[in-house]
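**Q** Line order of the protein sequences matches chains U and C. In this text, residue positions in the first sequence follow our numbering: the first is 1, and each later residue adds one. In this text, residue positions in the second sequence follow our numbering: the first is 1001, and each later residue adds one. Encoded as structure tokens, here's the structure I'll be asking about.
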Amino acid sequence: AQSVSQHNHHVILSEAASLELGCNYSYGGTVNLFWYVQYPGQHLQLLLKYFSGDPLVKGIKGFEAEFIKSKFSFNLRKPSVQWSDTAEYFCAVIFYNQGGKLIFGQGTELSVKP
Amino acid sequence: NAGVTQTPKFQVLKTGQSMTLQCAQDMNHNSMYWYRQDPGMGLRLIYYSASEGTTDKGEVPNGYNVSRLNKREFSLRLESAAPSQTSVYFCASSERGRGTGELFFGEGSRLTVL
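Listed below in structure tokens is the structure:
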């Protein structure tokens, strides 16, 4: 079965540090890729998405992600994190060979120290 | 514009009791979803509805039933609650068909089964 893996379960950074959260998926066919963010006590909201075109995708709040097809990866990056980025981050992938099912990774909790 | 509204936000049940989680969206979306979120496991799809009158099983449908009452509403029912169903439940909707568009999430319903 297709799967999505986020290897970092909990990341702790100081403000202004750079961030990279890993996301890998198990399938080499056609996929769409998403990063969602869940701030404490809130619902999930879309951070950015990749469907096609330029593999470097820019999202809200200074986040970006790069799709590397050969590595089945879609890592999330931010050059300089802020305390307000403290949240849980979920990578999600649509696998078209499974009827377009959206599968989420386990999530990465990011804590940013002021 | 409320987006996706879920009720109740919190519920405590005893094993064997039944309950229904309600979800409504006001964005005129065709597709609606129910996910459960458990620590370290990300979000797992319980059921999906592509349109009024249609439903489809997701990754973890056992112990649940759903009803797509109309285009706006998609309810999730636990007929005989079990402690393993203690979780946070999220309803979501999307404009396009399964797996092709951004999901909009409700604020979640935290269910505890004793």
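The C-beta atom is built at its ideal place from N, Cα and C for all residues, glycine as well. The structure presented is a predicted model; accordingly, all values stated were derived computationally and were not measured.
#1: Is there a Cβ of chain C sitting closer than 7 Å to that of U/Gly173, yes or no?
#2: Return the CA-CA distance between C/Leu1114 and U/Ser18, expressed in angstroms with no decimal places.
#3: With a Cβ-Cβ cutoff of 7 Å, do C/Tyr1047 and C/Val1060 count as a contact?
#4: Tell me the rounded alpha-carbon separation between C/Leu1069 and U/Ser14.
#5: Show which residues of chain C have a CB atom less than 7 Å away from the CB atom of U/Lys49.
#6: Which residues in the same chain as C/Phe1010 place their Cβ atom closer than 6 Å to its Cβ, once the five residues preceding and following it in sequence are excluded?
#7: Skipping 5 residues on each side, what residues in its chain have a beta carbon closer than 6 Å to that of U/Phe34?
#8: Should the region 1021-1034 of chain C be regarded as contacting the region 1084-1093 of chain C, the criterion being three or more beta carbon pairs within less than 8 Å?
#9: Please state the DSSP three-state secondary structure of U/Asp85.
#10: DSSP has U/His10 in a bridge; who is on the other side?
#11: Using 8 Å for Cβ pairs, my map puts C/Val1088 next to C/Gly1106. What's the rounded Cβ distance?
#12: How far does the beta strand (DSSP E) with C/Asn1065 in it extend, from its first residue to its last?
#13: Roughly how many whole angstroms lie between the Cα atoms of C/Gln1037 and U/Gly53?
#14: Quick one: grab the DSSP three-state call for U/Ser3.
#15: Among C/Ser1080, C/Asn1030, C/Thr1112, C/Ala1081, whose alpha-carbon lies nearest the alpha-carbon of C/Thr1054?
#16: Going by DSSP, which residues form a beta bridge with C/Cys1091?
#17: What residues match up with C/Tyr1048 in a beta bridge as DSSP calls it?
#18: Is the CB of C/Glu1107 under 7 Å away from at least one CB in chain U?
#19: For my contact list, U/Gly105 and C/Gly1042 are in at a C-beta cut-off of 8 Å; report their separation, rounded to the angstrom.
**A** On the basis of the supplied data:
#1: Nothing about residue 173 of chain U can be read from this structure; chain U reaches only from 1 to 114.
#2: 43 Å
#3: no
#4: 48 Å
#5: Within 7 Å Cβ-Cβ: Glu1102.
#6: Arg1110
#7: Lys49, Ala92
#8: yes
#9: helix
#10: Answer is U/Glu109, bridged to U/His10.
#11: That pair is no contact at about 11 Å.
#12: 1064-1068 is the extent of the beta strand (DSSP E) around C/Asn1065.
#13: About 31 Å.
#14: coil
#15: The shortest Cα separation from C/Thr1054 among C/Ser1080, C/Asn1030, C/Thr1112, C/Ala1081 belongs to C/Asn1030.
#16: C/Cys1091 pairs with C/Trp1034.
#17: C/Tyr1033, C/Asp1056
#18: The Cβ of C/Glu1107 sits closer than 7 Å to at least one Cβ of chain U.
#19: Taking a contact as a CB-CB distance under 8 Å, the pair U/Gly105 and C/Gly1042 counts as one, their CB atoms being some 5 Å apart.
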